[in-house]
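Numbering (this note's numbering), first residue to last: 1327 to 1678.
The C-beta atom is built at its ideal place from N, Cα and C for all residues, glycine as well.
I have placed the structure first, in the form of structure tokens, so that the comments after it can refer back to it.
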């Protein structure tokens, strides 16, 4: 249920409001945004390359510049457009023009990101500048959108690489087809729970008054990328620690169920204790009063706690009981590929 909250997950490059309000810089930021507008701190910057010098002040370009400005101002998300014909906005060669577009919302807000897409996908293609003019959109909002876009594009490849390498390593370590798959699925469950916890705490405010966390509509994108390798690595460590003890018991002649019981009895308490200590240490991040730190602390704490208790204490042994003798099966063909000894399927689950 907690993992299902991921369906309401929205990301942002960062947040300028989720910072300690007792800082002088935060107080100054608040005054400026309240009196001048939320987007005034991080305007969109449009640079127009006319393709040749001495064109910026020609009547044709001036008309196109004003028409382009009027077109952008039609957006409800735009507070103002600054196009003054001064040295600040036109370079000495008169080849480049710079315009500032100030939005109505804070940097990182969904509306601010939508304005960037509107300018790029709607307004710039409709610009009517002469010749070989090229229009570029920059500034903090555009940089934030590009950051999120590149993170989300590369993130699936990071995940696939981690899963593939983990499967191969565990396949060789456990000499099993299904144990690595089970380990990966359980690790992904822990990570999904961590992401869901971020939505529940920060967006829906569950426990935020007790934890002292911010109420945010979006989660910082880099936090999601950071959480994945940390949680995946910790969860895999717990898995290897427990299942290795089970495999050792199995090699000494225990049945599948006996190996599961023996493995949990010798390692379950250690894993749970280590997780509780780590969760306690992560409490310091939640008290950091910065959105990114709080999100890391909450995500890691929930992910580790759920993984070391419910997943390793309940799901791991129950799935291994259901799989039975298939836990330790590795066909000869696959064993030759990964260069290990095969594990044939056993005919019975009793001691010889």
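| query | Three-state secondary structure (DSSP) at residue 1367? | reply | Correct three-state label for residue 1367: coil.
| query | Closest by CA to residue 1608, which one among 1487, 1620 and 1599? | reply | Of all alpha-carbon atoms in 1487, 1620 and 1599, the one lying nearest the alpha-carbon of residue 1608 is that of 1620.
| What did DSSP end up calling residue 1666 once you bin it into helix, strand or coil? | DSSP places residue 1666 outside both helix and strand once states are collapsed to three, so it counts as coil.
| field | Outcome for residue 1659 when other beta-carbon atoms lying within 10 angstroms are tallied against a minimum of 16 | value | It is exposed - the Cβ of residue 1659 has fewer than 16 other Cβ atoms within 10 Å.
| task | Can you grab the Cα-Cα spacing for the pair residue 1432 / residue 1447, in whole Å? | result | Roughly 21 angstroms separates the two Cα atoms.
| said: Strictly by DSSP, which residues pair up with residue 1422? | reply: DSSP lists 1375 as partners of residue 1422.
| said: Closest to residue 1415 by C-alpha separation, out of 1424, 1407 and 1408, would be which residue? | reply: It is 1424 whose Cα lies nearest to the Cα of residue 1415.
| said: Using only CA atoms, which one of 1548, 1526 and 1367 lies nearest to residue 1471? | reply: Selection 1548, 1526 and 1367 evaluated against residue 1471 yields 1548 as nearest (Cα-Cα).
| field | residue 1635 to residue 1545 span [Cα, whole Å] | value | CA-to-CA, the gap between residue 1635 and residue 1545 works out to about 26 angstroms.
| query | Which residues in the same chain have their Cβ closer than 6 angstroms to the Cβ of residue 1341, if we skip the five residues on either side of it in sequence? | reply | Only 1434 and 1617 meet the Cβ criterion.
| task | Rank 1524, 1489, 1497 and 1526 by C-alpha distance to the C-alpha of residue 1513 and give the top, closest one. | result | Ranking 1524, 1489, 1497 and 1526 by Cα distance to residue 1513 puts 1489 first.
| Nonlocal neighbours in the same chain, by C-beta distance under 8 angstroms from residue 1380, ignoring five residues either side | The answer, listed in chain order, is 1419, 1420 and 1421.
| request: Please say whether residue 1358 and residue 1345 have beta carbons closer to each other than 8 angstroms? | output: No.
| query | If we count Cβ pairs, one from each stretch, closer than 8 angstroms, do we get three or more for the region 1574-1581 versus the region 1518-1534? | reply | By the Cβ rule, the region 1574-1581 does not count as touching the region 1518-1534, because fewer than three pairs are nearer than 8 angstroms.
| said: Tell me the DSSP secondary structure of residue 1408 in three-state form. | reply: Residue state, collapsed to three classes: strand.
| query | Can you tell me the Cα-Cα spacing of residue 1510 and residue 1592, whole angstroms? | reply | Those two C-alpha atoms are separated by around 23 angstroms.
| Which residues in the same chain as residue 1481 place their Cβ atom closer than 7 angstroms to its Cβ, once the five residues preceding and following it in sequence are excluded? | Setting aside the 5 residues that flank it on each side, residue 1481 is surrounded in the same chain by 1551, each with a C-beta closer than 7 angstroms to its C-beta; the list follows chain order.
| query | Exposed or buried, residue 1676, counting other C-beta atoms within 10 Å across all chains shown (16 or more means buried)? | reply | Annotation note: pLDDT 47 at residue 1676 (below 50); position unreliable, no value reported.
| Nearest neighbour of residue 1338, chosen from 1356, 1474 and 1428 [CA to CA] | When the alpha-carbon of residue 1338 is set against those of 1356, 1474 and 1428, the nearest one is in 1474.
| task | With DSSP collapsed to three states, give me the class of residue 1557. | result | Under the three-state reduction of DSSP, residue 1557 is assigned to helix.
| So what does residue 1546 bridge to, in DSSP terms? | Beta-bridge annotation (DSSP): residue 1546 is paired with 1338.
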